[in-house]
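Engineer: Per the working numbering, the very first residue in the sequence shown carries number 9; after that it's consecutive.
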Amino acid sequence: MKHLTGIQHLDSDQLNMLLDTAERIKECEEDYAGILQGQCVANLFFEPSTRSRFSFEVAEKRLGAYVLNFQEATSSRQKGESIYDTLKTLEAIGVKAAVIRHSQNGLLDDMHPRIGLALINAGTGNEEHPTQCLLDLLTIKQEFGCFRGLKVAIVGDVHHSRVARSNYYGLTKLGAEVYFAGPPCLNQAGASWVPRGCWYPFDELVEEMDVIMMLRIQHERHEQALTLSKADYHQHYGLTEERARRMKKGAIIMHPAPVNRDVELASTLVEAPQSRIFKQMENGVYVRMAVLYHLLGPAAKRQVQPVNKGA
Ligand code: CP
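1) Just to check, is the beta-carbon of Ser111 closer than 8 Å to a non-hydrogen atom of the ligand CP?
2) Using 10 angstroms around the beta-carbon of Ser20, count the other beta-carbons present and answer buried if the total reaches 16, otherwise exposed.
3) Is the region 88-106 close to the region 42-58, with three or more CB pairs under 8 Å?
4) Would you list the residues sitting across from His110 in a DSSP beta bridge?
5) For Ser174 versus Gln226, is the C-beta spacing smaller than 9 Å?
6) Is DSSP giving Asn51 helix, strand or coil here?
7) With DSSP run on the structure shown, which of helix, strand or coil describes Leu236?
8) Report back the beta-carbon spacing between Leu223 and Ala280 to the nearest angstrom; my notes put them in contact at under 8 Å.
9) Between which two residues does the alpha helix (DSSP H) harbouring Ile4 extend?
10) What separation, rounded to the nearest whole angstrom, lies between the Cα atoms of Gly42 and Ala67?
11) Start and end of the alpha helix (DSSP H) containing Ile33?
12) What residue range is occupied by the uninterrupted beta strand (DSSP E) comprising Glu185?
13) When you compare the CB positions of Val214 and Val160, do they come within less than 9 Å of one another, or not?
14) Straight-line CA distance for Ala199 to Glu38?
15) Suppose you measure from the CA of Gln45 to the CA of Ile123; what does that come to, to the nearest Å?
16) What span of residues does the beta strand (DSSP E) with Leu76 cover, start to end?
17) Taking C-alpha atoms, which residue in Gly102, Lys87, Gln79 and Lys256 lies nearest to Arg109?
18) Hey, is Ala259 close to the ligand CP, as in C-beta under 8 Å from one of its heavy atoms?
19) So, for Ala274: in the same chain, excluding its five sequence neighbours on each side, which residues have a beta-carbon less than 8 Å away from its beta-carbon?
20) May I ask you to list the residues that DSSP assigns as paired with Val103?
21) State the Cα-Cα distance for the pair Ala298 and Leu18, rounded to the nearest angstrom.
22) Can you tell which of Glu55, Glu89 and Tyr40 has the C-alpha that lies nearest to the C-alpha of Tyr73?
23) Should the region 29-38 be regarded as contacting the region 257-271, the criterion being three or more beta carbon pairs within less than 8 Å?
24) Examine the ligand CP and report whether any of its heavy atoms sits within less than 8 Å of the Cβ of His17.
25) Just curious, the alpha helix (DSSP H) that Ile285 is in, first and last residue?
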């Protein structure tokens with residue numbers, strides 16, 4: 009693995025390898041401390057973020073990397089420099105990996121063949137958020153032990169959600185069954201990657217699912233303002249306290265956050281016993297450490313073969 013641009017490009021062995029590494033790091037973090045000593049990692053966030061940005065930074069620092077946080081407003085982007093030229097500049101000054109969040113689909117896939125440093129997708133457009141998927145997978149694995157046969161509902165603004173798409177790829181590659189629910193006005197025209205027959209009324213799913221993953225309404229990606237009121241959205245498409253009472257025993261609630269409390273999820277459920285929302289955030293550090301370890305750590309170095317050795 010040279011880059012992490014999306015879950016779509018990984019197979020089940022690679023997903024399991026990353027999850028196993030994250031679990032090992034969580035068990036014995038001291039074995040990994042300082043493993044990236046002397047390596048420089050840059051974080052470039054062109055869209056707002058709290059969880060991904062800070063948990064990447066925590067992960068980088070716990071591994072001993074030297075961290076640069078790129079600020080677009082004070083960079084030469086203001087003079088018209090492209091993201092490609094920005095990355096080539098970082099590569100030239102010795103940066104080994106760039107963590108990138110951006111609104112443009114396909115940005116990393118377009119660039120990675122021409123870039124020498126490792127590119128890590130921290131969320132692009134409505135396309136992929138691979139480390140969110142990995143932390144969600146780790147959370148589900150910790151809860152249920154495996155994925156085969158698990159029933160997972162992804163509910164809400166599926167069309168505009170990069171989390172939904174990455175999780176669909178990751179969960180199905182590992183053998184889970186994935187179902188979708190949400191307002192037709194948001195999802196009918198888009199989400200073309202969702203197979204036919206996977207959409208259900210939320211009320212038909214609630215009692216059957218092992219995992220209910222709620223999604224934030226992505227207002228910033230809507231071309232037209234949503235006509236539903238917050239209260240109507242909550243009543244028809246949200247996980248209300250009443251729906252949560254109908255969840256099956258042992259089922260869990262997930263949400264990538266930030267949460268619109270009392271819109272997609274009742275505020276009282278955010279910290280309820282069946283919620284794993286803060287566990288997801290905690291796991292975010294371990295999966296990001298695992299990704300950095302595989303891209304830059306000793307295992308990555310061993311994969312590099314000298315060219316024309318002895319010539
Ligand atoms: N879940 C997630 O990506 O959160 P941030 O936008 O705060 O990084």
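Glycine included, each C-beta is placed from N, C-alpha and C at the ideal position.
Since this is a predicted model, take the numbers as computed values, not measurements.
Structural biologist: Inspection of the coordinates gives the following:
1) In the sequence shown, residue 111 corresponds to position 103, counting from 1. Checking every heavy atom of the ligand CP against the Cβ of Ser111, none is found closer than 8 Å.
2) The sequence position of residue 20 within the sequence shown is 12, counting from 1. A residue is called buried once 16 or more other Cβ atoms fall within 10 Å of its Cβ, and Ser20, having fewer, is exposed.
3) The region 88-106 is in contact with the region 42-58.
4) Along the sequence shown, read from residue 1 onward, the residue named residue 110 stands at position 102. His110 pairs with Thr132.
5) Along the sequence shown, one-based indexing puts residue 174 at 166. Along the sequence shown, one-based indexing puts residue 226 at 218. Against a cut-off of 9 Å, the Cβ pair of Gln226 and Ser174 comes out as no contact.
6) Within the sequence shown, the letter at position 43 stands for residue 51. It is a strand residue.
7) To locate residue 236, count along the sequence shown from 1; it is residue 228. Correct three-state label for Leu236: coil.
8) Numbered from its first residue, the sequence shown carries residue 223 at position 215. Numbered from its first residue, the sequence shown carries residue 280 at position 272. 18 Å between Cβ atoms; not a contact.
9) No information on residue 4 is available, as it lies outside the stretch 9 to 319 that the chain covers here.
10) Residue 42 sits at position 34 when you count from the first residue of the sequence shown. Residue 67 sits at position 59 when you count from the first residue of the sequence shown. If I take the Cα positions, the gap works out to 11 Å.
11) Within the sequence shown, residue 33 is the residue found at index 25, counting from 1. That run of the alpha helix (DSSP H) goes Ser20 to Glu35.
12) If you number the sequence shown from 1, residue 185 lands on position 177. Glu185 -> beta strand (DSSP E) spans Glu185 to Ala189.
13) Locating residue 214 in the sequence shown gives position 206, where the first residue counts as 1. Locating residue 160 in the sequence shown gives position 152, where the first residue counts as 1. Result no, Cβ atoms of Val214 and Val160 do not sit closer than 9 Å.
14) Here residue 199 corresponds to residue number 191 of the sequence shown, with the count starting at 1. Here residue 38 corresponds to residue number 30 of the sequence shown, with the count starting at 1. Note on geometry: alpha-carbon atoms of Ala199 and Glu38 lie some 42 Å from one another.
15) The residue you call residue 45 lines up with position 37 of the sequence shown. The residue you call residue 123 lines up with position 115 of the sequence shown. About 22 Å.
16) Stepping through the sequence shown from its first residue, residue 76 is reached at position 68. From DSSP, the beta strand (DSSP E) with Leu76 extends over Tyr74 to Phe78.
17) Start at 1 with the first residue of the sequence shown, and residue 109 comes out as number 101. Nearest to Arg109 by alpha-carbon distance, out of Gly102, Lys87, Gln79 and Lys256, is Gln79.
18) Reading the sequence shown from its first residue, position 251 is the one you call residue 259. Because no heavy atom of the ligand CP lies under 8 Å away, the Cβ of Ala259 does not count as near it: no.
19) Residue mapping note: residue 274 aligns to position 266 of the sequence shown, counting from 1. For Ala274, where only same-chain residues beyond five positions count, the Cβ hits under 8 Å are His242, Gly246, Leu247, Thr248, Glu249 and Ala252.
20) Walking along the sequence shown from the start, residue 103 turns up at place 95. Per DSSP, Cys48.
21) Residue mapping note: residue 298 aligns to position 290 of the sequence shown, counting from 1. Residue mapping note: residue 18 aligns to position 10 of the sequence shown, counting from 1. Cα to Cα, the separation comes out at about 15 Å.
22) Numbered from 1 along the sequence shown, position 65 holds the residue referred to as residue 73. Looking at the sequence shown, residue 73 is not Tyr but Ala. Of the listed residues, the one whose Cα sits closest to Ala73 is Tyr40.
23) Counting Cβ pairs under 8 Å, fewer than three are found: no touch.
24) Start at 1 with the first residue of the sequence shown, and residue 17 comes out as number 9. Not a single heavy atom of the ligand CP lies less than 8 Å from the C-beta of His17.
25) Within the sequence shown, the letter at position 277 stands for residue 285. Boundaries of the alpha helix (DSSP H) around Ile285: Ile285 to Leu304.
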